[in-house]
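A.B. asks:
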Ligand SMILES: [Fe+2]
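In this note's numbering, the protein residues as written are 121 to 611.
Structure follows, in structure tokens:
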């Protein structure tokens with residue numbers, strides 16, 4: 121058992137104040153509606169986000185740690201219901217059985233008493249990478265997804281069903297932001313790892329079967345954190361910002377996730393037909409999420425929340441005020457270039473990216489034909505500068521591992537065995553039997569007392585137009601504990 125001490129939540133900005141974890145699970149059958157809710161609005165809004173049930177041990181790194189907390193709001197005939205539930209992974213169930221956290225934080229890996237893990241430990245241990253980032257519905261399955269671990273299937277009432285491996289086709293998991301092609305129903309996924317293959321992609325057909333098994337992306341020879349992807353009619357677009365993962369540093373108390381802007385940013389344009397990957401590269405930039413992508417003649421246009429860096433304390437020696445904008449990158453596979461056009465000066469994402477980018481005009485990064493290696497940054501003309509520097513919030517990532525947790529070869533072995541899983545080729549790709557896709561509101565059971573003042577504010581009928589089909593579920597992803605964010609779009 122770990123000797124790590126629980127994090128002082130009152131001193132951790134992402135565990136206190138408006139980010140304080142929600143530990144009650146409640147159901148409210150009939151929320152008070154302010155205004156008028158159109159009677160033809162029927163459906164559900166679901167969201168997921170990090171929300172540790174127990175005070176974390178050793179360290180807490182927002183937003184990639186913490187148990188998943190699902191929130192659901194159901195609309196039906198002018199009435200609104202709410203419920204929330206933890207994503208009860210096997211790792212969380214082990215902690216609930218122990219009555220406290222048993223896993224160390226990402227920055228403070230620790231031994232875990234195997235007798236506490238139960239008969240079917242999640243494959244990420246000794247880390248606890250829970251399904252806390254996104255919730256997606258595909259092929260009749262509602263999936264809570266984390267950053268690279270296997271998803272968990274969720275019932276329509278938000279109860280957790282079981283770990284989900286796509287009929288055995290994707291046992292190592294997927295990253296949290298797959299993309300569904302609305303015209304074909306296919307879901308495109310990728311996964312990064314700390315050992316080869318460092319980056320892979322795969323396709324899940326509209327029926328839920330794996331139609332393209334995990335396929336290594338050649339040219340990626342180191343581990344990078346990659347949070348989101350985009351698709352066009354021709355390509356899967358995976359942007360590799362220079363945010364490297366260093367497991368050895370993690371196990372020795374160093375900086376395991378480090379921003380290296382000198383490497384530049386590369387983009388893999390992966391033809392959906394499986395032909396050779398095409399690369400473009402340019403100066404370093406970062407984005408957590410992509411807004412849209414589309415083919416435009418021979419080039420690809422990619423719209424996104426541009427950031428000069430990732431925030432969250434990952435910058436290391438490159439720490440500087442983060443600038444942000446909404447941008448369009450023109451990706452030209454013919455000459456290997458990325459041209460970044462800053463379309464709006466408002467920073468959109470990343471803690472600390474409260475500083476607007478001052479460059480509202482086109483910024484280009486001409487570079488030679490791109491090999492699938494690190495980018496050169498010498499040709500960049502990007503000129504986004506901070507006008508009102510604002511330091512990023514403090515992060516728990518600087519917590520010091522204990523000597524017991526950092527020097528163990530066993531931890532190294534466990535990490536290797538848990539992350540170097542070979543993705544097998546699915547045999548018959550037989551989909552599992554999909555559960556009902558109904559968005560039936562939860563039952564009236566209430567695990568804990570709901571707050572007496574629960575209510576939902578609605579726009580007037582004149583501004584809330586349109587209707588939704590009865591079985592439609594909207595999805596959203598992590599965003600702290602501040603309440604629903606806009607519905608997540610699809611590409
Ligand atoms: Fe995300």
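Every residue gets a Cβ at the ideal spot worked out from N, C-alpha and C, and that includes glycine.
Take residue 140 as the anchor and find which of 155, 159 and 170 has the nearest alpha-carbon.
C.D. replies: Minimum Cα distance to residue 140 is reached at 170.
A.B. asks: Using CA atoms only, rank isn't needed, just tell me which of 449, 364 and 453 is closest to residue 459.
C.D. replies: Measuring from the Cα of residue 459, the nearest candidate turns out to be 449.
A.B. asks: Tell me the rounded alpha-carbon separation between residue 249 and residue 355.
C.D. replies: In a straight line, the C-alpha of residue 249 is about 29 Å away from that of residue 355.
A.B. asks: Please state the DSSP three-state secondary structure of residue 235.
C.D. replies: Note: residue 235 maps to helix in three-state DSSP.
A.B. asks: Since I believe residue 177 is in contact with residue 635 (beta carbons under 8 Å), could you give me their beta-carbon distance rounded to a whole number of angstroms?
C.D. replies: Missing from the structure shown is residue 635; the chain here goes from 121 to 611 and no further.
A.B. asks: Pick out the complete alpha helix (DSSP H) segments inside the stretch 367-399, 4 residues or longer, and give them in chain order.
C.D. replies: Segments of the alpha helix (DSSP H) lying fully in the stretch 367-399: 367-371.
A.B. asks: Going by alpha carbons, who is nearest to residue 424 out of 350, 455, 433 and 403?
C.D. replies: Answer by Cα proximity: 350.
A.B. asks: In this structure, does DSSP put residue 171 in helix, strand or coil?
C.D. replies: Coil, per DSSP.
A.B. asks: By the DSSP assignment, the beta strand (DSSP E) with residue 427 in it spans what residues?
C.D. replies: Residues 419-427.
A.B. asks: Report the residue from 412, 388, 154 and 375 whose alpha carbon sits nearest the alpha carbon of residue 357.
C.D. replies: For residue 357, the nearest C-alpha among the options comes from 388.
A.B. asks: Where does the unbroken beta strand (DSSP E) through residue 365 begin, and where does it stop?
C.D. replies: Taken as a continuous stretch (DSSP letters only), the beta strand (DSSP E) holding residue 365 covers 363-365.
A.B. asks: Would you kindly check if the distance between the Cβ of residue 411 and the Cβ of residue 385 is under 7 Å?
C.D. replies: Taking 7 Å as the Cβ cut-off, residue 385 and residue 411 do not qualify as a contacting pair.
A.B. asks: Near residue 575, what residues of its chain come up, given a Cβ to Cβ distance below 8 Å and the 5 sequence neighbours on each side ignored?
C.D. replies: Here the model assigns residue 575 a pLDDT of 49, short of 50, so the residue's position is not dependable and the matter cannot be decided.
A.B. asks: For residue 265 and residue 398, I'd like the C-alpha separation in whole angstroms.
C.D. replies: Computed Cα separation, rounded: 28 Å.
A.B. asks: Is the beta carbon of residue 181 closer than 7 Å to that of residue 226?
C.D. replies: Cβ atoms of residue 226 and residue 181: closer than 7 Å.
A.B. asks: Whose C-alpha, out of 160, 297, 179 and 254, is nearest the C-alpha of residue 166?
C.D. replies: Closest option to residue 166, Cα to Cα, is 254.
A.B. asks: Bridge partners of residue 401, per DSSP?
C.D. replies: In DSSP, residue 401 forms a bridge with 386 and 457.
A.B. asks: According to the neighbour-count rule (16 or more other Cβ atoms, all chains shown, within 10 Å of its Cβ), is residue 132 buried or exposed?
C.D. replies: When all chains shown are included, residue 132 counts as buried.
A.B. asks: Tell me the DSSP secondary structure of residue 210 in three-state form.
C.D. replies: Three-state DSSP puts residue 210 in a helix.
A.B. asks: Give the DSSP-derived three-state secondary structure of residue 226 in the structure shown.
C.D. replies: Looking at residue 226 - three-state DSSP - the assignment turns out to be coil, as it is neither helix nor strand.
A.B. asks: Thinking residue 315 and residue 336 are a contact (beta carbons under 8 Å), I'd like their distance in whole angstroms, please.
C.D. replies: Between residue 336 and residue 315 the Cβ distance is about 12 Å, and since that is not below 8 Å, they are no contact.
A.B. asks: Going by DSSP, what residue range makes up the beta strand (DSSP E) through residue 450?
C.D. replies: Its beta strand (DSSP E) spans residues 443-452.
A.B. asks: Quick one: Cα of residue 431 to Cα of residue 406, how far?
C.D. replies: Using only the alpha carbons, I get a separation of about 9 Å.
A.B. asks: Span of the beta strand (DSSP E) holding residue 320?
C.D. replies: Residues 319-324.
A.B. asks: If you check the beta carbons only, do residue 365 and residue 379 fall under 7 Å apart?
C.D. replies: For residue 365 and residue 379, no; Cβs fall outside 7 Å.
A.B. asks: Determine the contact status of residue 145 and residue 208, defining contact as a CB-CB distance below 7 Å.
C.D. replies: The answer is no: Cβ separation not under 7 Å.
A.B. asks: Taking residue 426 as the reference, give the member of 352, 361, 284 and 157 with the closest Cα.
C.D. replies: Checked all of 352, 361, 284 and 157; the closest Cα to residue 426 is 361.
A.B. asks: Which same chain residues, not among the five before or five after residue 213, have their C-beta less than 8 Å away from its C-beta?
C.D. replies: Closer than 8 Å at the Cβ level, and outside the excluded window around residue 213, lie 238.
A.B. asks: Is there contact between the stretch 327-346 and the stretch 296-304, where contact requires at least three CB pairs shorter than 8 Å?
C.D. replies: With the cut-off at 8 Å, the stretch 327-346 and the stretch 296-304 do not touch.
A.B. asks: CA-CA distance, residue 376 and residue 382?
C.D. replies: In a straight line, the C-alpha of residue 376 is about 17 Å away from that of residue 382.
A.B. asks: Going along the chain, which residues of its own chain have a beta-carbon closer than 6 Å to the beta-carbon of residue 577, five neighbours each way excluded?
C.D. replies: The pLDDT assigned to residue 577 is 47, lower than 50, so where the model puts this residue is not dependable, and the model offers no usable value.
A.B. asks: From residue 413 to residue 326, what distance separates their C-alpha atoms?
C.D. replies: Rounded to whole angstroms, residue 413 to residue 326 spans 21 Å at the Cα level.
A.B. asks: With DSSP as the reference, please indicate the residues paired to residue 273 in a beta bridge.
C.D. replies: Paired residue(s): 263 and 282.
A.B. asks: Assign residue 390 to one of two classes, buried (16 or more other C-beta atoms within 10 Å of its C-beta) or exposed (fewer than that).
C.D. replies: Answer is buried; the Cβ neighbour count reaches 16.
A.B. asks: Shortest alpha-carbon distance to residue 374 belongs to which of 434, 419 and 428?
C.D. replies: Checking every option, the nearest Cα to that of residue 374 belongs to 434.
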